[in-house]
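What follows is a set of notes on a single structure, which appears directly below.
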Amino acid sequence: MPELPEVEVTRRRIAKLLVGRKISRVLTTKPSYFFLTKPTRLQQELLGRTVKRLDRHGKYLLARLDSGATLLLHLGMTGQLFAEGATSVRLLRVAERGAKTGFSPDQHTHLQLEFEGGGPRIFFRDVRKFGKVLLVHAGKSDARLDKLGIDALKAEGEHLHEAARARKIPIKTLLLDQGVIAGIGNIYADEALFLARVRPERPANRVTREESIAIVAAAQQVMRRSIRTGGSSISDYVNPDGSDGGYQKERRVYGREGEPCPSCGAAIVRVVIATRSSCYCPSCQR
Ligand SMILES: [Zn+2]
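The sequence shown: position 23 = 78 (the numbering used here), numbered continuously.
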C-alpha cells in the first residue's frame, strides 16, 4: 500500500509533467466507486483547465486547478499514477503481456489526461479501485481533508504527545490515526517505534514526551530516507516513471518476523494490533 514517501515520490515526479499544462482531453472508465465525482462531471470540470500546483497532505495528492478547484487523488491500495512512457515489469506483466516497450491503457486505467501541445499523457490505473478521484470546487471543503491531522513531515513530537497523553490505545494504533498525524502507515510506524525503542502495544498515555519526540523524529527520518531512495515497492506500487522503489531493502523490523534484530540480534516478533500486523524487537523495545 502506498504510504507517504511513495505518494511524495509520485508527487515530485508527476508535478514536473502536470504543472503548467492545459488539459485537452479526459478519458475515464465507466462510473464506479473509484469516482467520488462522476466521470462525466470530471470531464466537464477538467477540460481546458491548467494545473497550477500539485500538493500533498498525508497520502492525498491535491492538484490545484486554475479554476480554483482542487482535484483530489488517493492511490488507495493498488493505485498507480504515472506518465506515458513508463516501463515497469509489473505494469507490462499485467497490462500488456509480451509487450517490450511502454504501457497501453487497459480496463484498469480509470483516468487518462492528455494535454495541449502533446507530451506524455498521465494515467491513473487501479486494479482494485480502492483509489479515489474527487473534484473539490473552489471555496468548498471536503470531510476527507478536513479531518486529517498535520502532515507527518511537518509534525513535531508535541503533536503526538498531546494526542497520546489521554489515550489508552496502543501507541501504534495512534500513529496510524490519520486524524492525529497524516501520512504514517504500517511500515513507517513499525520502523519509527523500533528506532525510538518503544513497543507498538504500549498504551499511548504511557509514552513520554521525550519518546513522542523521538518517535516523530524517527518517522520523519525513515520517510525522508525512503523518499530519497524512491519509496518502498510493495505489491502494485510503481514510481511515476515505472521504476521500482529501493527502500524495502533497508527495513529494520517491518516484515522481518523471526529475523535477527539489526541492533541486538534477538529474533523480531510479530503481533497483531487492531487488525494490523506489527513487528518489533522484544529486547530493544520497551
Ligand atoms: Zn533488538
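Ideal placement from N, C-alpha and C gives every residue a C-beta, glycine not left out.
In this structure, 69 is the residue among 323, 270, 219, 69 with its C-alpha nearest to the C-alpha of residue 138. Non-local C-beta neighbours of residue 308 in its own chain, meaning closer than 7 Å and more than five positions away in sequence, comprise 245, 246, 249, 323, 334, 335, 336, ordered along the chain. Between residue 101 and residue 81, the gap from beta carbon to beta carbon is short of 8 Å. 258 is the residue among 317, 218, 258, 238 whose C-alpha sits nearest the C-alpha of residue 329. In chain order, the residues that have a beta carbon nearer than 6 Å to some heavy atom of ligand 1 are 316, 318, 319, 321, 336, 338, 339.
Contact annotation: the region 122-138 touches the region 175-186, with at least three C-beta pairs closer than 8 Å. Rounded to the nearest whole angstrom, the CA to CA distance from residue 234 to residue 111 is 15 Å.
For residue 243, the enclosing alpha helix (DSSP H) covers residues 241-250.
When the Cα atoms are used, residue 59 and residue 171 turn out to be separated by approximately 31 Å. Check the Cα spacing between residue 97 and each of 88, 317, 83: the tightest is with 83. For residue 212, the enclosing alpha helix (DSSP H) stretches over residues 212-219.
In this structure, residue 251 keeps its C-beta atom at 8 Å or more from the C-beta atom of residue 206. Check the Cα spacing between residue 89 and each of 131, 63, 105: the tightest is with 131. Check the Cα spacing between residue 167 and each of 85, 284, 279, 276: the tightest is with 85. For residue 107, no alpha helix (DSSP H) segment is defined; the enclosing uninterrupted segment is the beta strand (DSSP E) at 106-112.
When secondary structure is reduced to three states using DSSP, residue 315 falls in the strand class. By a beta-carbon distance limit of 8 Å, residue 217 does not contact residue 271. Their separation comes to about 11 Å. Within the model, the alpha-carbon separation for residue 208 versus residue 275 is close to 6 Å. If you draw a straight line from the Cα of residue 99 to the Cα of residue 87, it comes to about 18 Å. The C-alpha of residue 243 is placed about 13 Å away from the C-alpha of residue 226. Put simply, of 182, 267, 197, 165 the residue whose alpha carbon is nearest the alpha carbon of residue 214 is 267.
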